[in-house]
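A.B. asks:
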Amino acid sequence: MGWKDLVCYGSSFYETPNIDRLAREGMRFSDAYAACPVCSPTRASILTGKYPATVGITDWIDANGQLHPAKGRLVDVPYLKHLPGKEYSLASALNEGGYQTWHVGKWHLGAEGHLPEDHGFEVNVGGAHQGSPGRGGYFSPWTIPLLENADVPEGTYLTDYLTDQTLDLVRNKDERPFFLNLWYYTVHTPIQAKADKIAKYEAKAKKLGLDQVQTSTEGEHFPCEHKKDQRVKRRLVQSDPVYAAMIESLDENLGRLFGLLDEIGESENTIVVFTSDNGGLATAEGSPTCNAPLAEGKGWMYEGGTREPLLVRWPDQIAAGSTCPTPVSSPDFYPTLLEIAGIDAIP
């Protein structure tokens, strides 16, 4: 998800009232950055408090758990295809400190032996080696390991299901405090959404005249060797109805979670952190979103590839509706959250 994919960050096409609630009731960070412009390294950074090069994961891990062959003009530095077991993860620290620890959704940090349950999570719902829903897409039946045999009606939307499982975990929690690592697959490709929501945003785009504007422009050739014959195609406007519908489903489901926390009286006792792992996909054929005025997007070491939305709600500790201009990055979550919990980072 890109820096400008929320209304509270300036989007005028997407609709995110529930996520924007975090900005109203908490703090919006104007200069938050992912540790890498692609997913796996940033996720490893969040869980370890280290930069990708220190962990050894400096690129995204292929769907089969393998590394990509070198495609650049320079020899690539070898990188790991899993989060090493030696890393003392945020979940491990919290679990040993007395927290229930749950992972729900995308993992993308290794296969068997390197899954969430191997890194301090007591529960793992849908976390596997792959970084997207894969061939099965967002509608069941899914091809994601652990979810392939889920007992759900055909056509169930993945974001809804992951939220259903999350709500069950919260409702059935024990007396310990909980750490929920809710990493939705949304808005990773394939870009798929519910038909009624797509129709809503098709109508909205037409009403705003966005269906008549040029959506992308062809730029210079890609600087990388394996794409040197292709040109960059930059998305110029946020107007993709399917992507907008995906974001609305994400927002609705987070609203369900926030509603449950309100219902059971836990909102005032829960820190909520919302962020992303890389910038919006904006520079290739069919890219669904636009990060302007930031340059480029996912996969690029520019502002558009690394600058992220970051919202934090901490009742009675963070001033509601506040903004923080201090630059922060993915490794900052680990020491900050452990300090708040009163837990040492090193066992």
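Our numbering puts the first residue of the sequence shown at 844, with every later residue one more than the last.
No residue lacks a Cβ here, since even glycine has one placed at the ideal position from N, Cα and C.
1) State the start and end residues of the unbroken beta strand (DSSP E) segment that holds L1051.
2) Taking buried to mean at least 16 other C-beta atoms within 10 Å of its own C-beta, is V1056 buried or exposed?
3) Return yes when the Cβ of P1152 is within less than 9 Å of the Cβ of F1101, no when it is not.
4) Leaving aside the five residues before and after Y1145 along the sequence, list all residues of the same chain whose C-beta is less than 6 Å from its C-beta, in chain order.
5) List the endpoints of the continuous beta strand (DSSP E) containing T1126.
6) Spatial neighbours of L1168 within its chain, please: C-beta separation below 7 Å, excluding the five flanking residues on both sides.
7) Within the chosen definition, does the stretch 1025–1042 reach the stretch 942–950 through at least 3 CB pairs nearer than 8 Å?
8) May I have the straight-line CA-CA distance separating H1064 from P921, to the nearest angstrom?
9) Whole beta strand (DSSP E) runs in the stretch 1020–1079 with 3 or more residues, listed along the chain?
10) To which residues does DSSP link V881 through a beta bridge?
11) How do the stretch 997–1006 and the stretch 1084–1096 stand: do at least 3 beta-carbon pairs fall below 8 Å, yes or no?
12) With DSSP run on the structure shown, which of helix, strand or coil describes L1153?
13) P860 to V850, Cα distance in whole Å?
14) Name the two residues that bound the continuous beta strand (DSSP E) containing A866.
15) For E1128, tell me which candidate among R1078, C882, V968 has the shortest Cα-Cα distance.
16) Compute the beta-carbon to beta-carbon distance between P1174 and Y894, rounded to the nearest angstrom, for a pair I have assumed lies under 8 Å.
17) Among I987, R978, H962, F964, which residue has its Cα nearest to the Cα of A971?
18) Assign D1039 to buried or exposed, taking buried as 16 or more other Cβ atoms, counted over all protein chains shown, within 10 Å of its Cβ.
19) Can you give the Cα-Cα distance for L1053 and S1130, rounded to whole angstroms?
20) Give the range of the alpha helix (DSSP H) segment to which S1110 is assigned.
21) Per DSSP, what kind of secondary structure is C1133 in: helix, strand or coil?
22) Going by C-alpha distance, which of L933, E1018, P959 is nearest L989?
23) Taking the alpha carbon of L865 as the reference point, which residue from A1188, G998, P1170, L1154 has its own alpha carbon closest?
24) For A1163 and E1109, I'd like the C-alpha separation in whole angstroms.
25) Who pairs with N967 in a beta bridge, going by DSSP?
C.D. replies: According to the structure shown:
1) From DSSP, L1051 is part of no beta strand (DSSP E); its letter is neither H nor E.
2) V1056 counts as exposed, since fewer than 16 other C-beta atoms from the protein chains shown sit within 10 angstroms of its C-beta.
3) Against a cut-off of 9 Å, the Cβ pair of P1152 and F1101 comes out as no contact.
4) Within the same chain, Y1145 has close Cβ partners A1138, E1139.
5) Run containing T1126: none; DSSP gives neither H nor E here.
6) What sits at residue 1168 in the sequence shown is Pro, not Leu. If we look at P1168 and ignore the five residues flanking it on each side, its Cβ neighbours are S873, D874.
7) These segments touch.
8) Taking the straight line from one Cα to the other gives about 26 Å.
9) Counting only runs of 3 or more, we get 1021–1026, 1059–1064, 1074–1078.
10) DSSP output for V881 lists no bridge partner at all.
11) Segments in contact, yes.
12) Correct three-state label for L1153: strand.
13) For P860 and V850, the distance between alpha carbons rounds to 8 Å.
14) No beta strand (DSSP E) contains A866, which is instead part of the alpha helix (DSSP H) from 860–868.
15) Nearest C-alpha to E1128: R1078.
16) Their Cβ separation, rounded to whole angstroms, is 6 Å, which keeps P1174 and Y894 in contact under 8 Å.
17) If you compare the alpha carbons of I987, R978, H962, F964 with that of A971, the shortest gap goes to I987.
18) D1039 comes out exposed.
19) Between L1053 and S1130, the C-alpha separation is close to 16 Å.
20) Judged by DSSP secondary structure, S1110 falls outside any alpha helix (DSSP H); it is assigned neither H nor E.
21) When secondary structure is reduced to three states using DSSP, C1133 falls in the coil class, being assigned neither helix nor strand.
22) Among L933, E1018, P959, the Cα nearest to that of L989 belongs to P959.
23) Nearest C-alpha to L865: L1154.
24) Their Cα atoms are separated by approximately 17 Å.
25) According to DSSP, residue pairing for N967 in a beta bridge involves H946.
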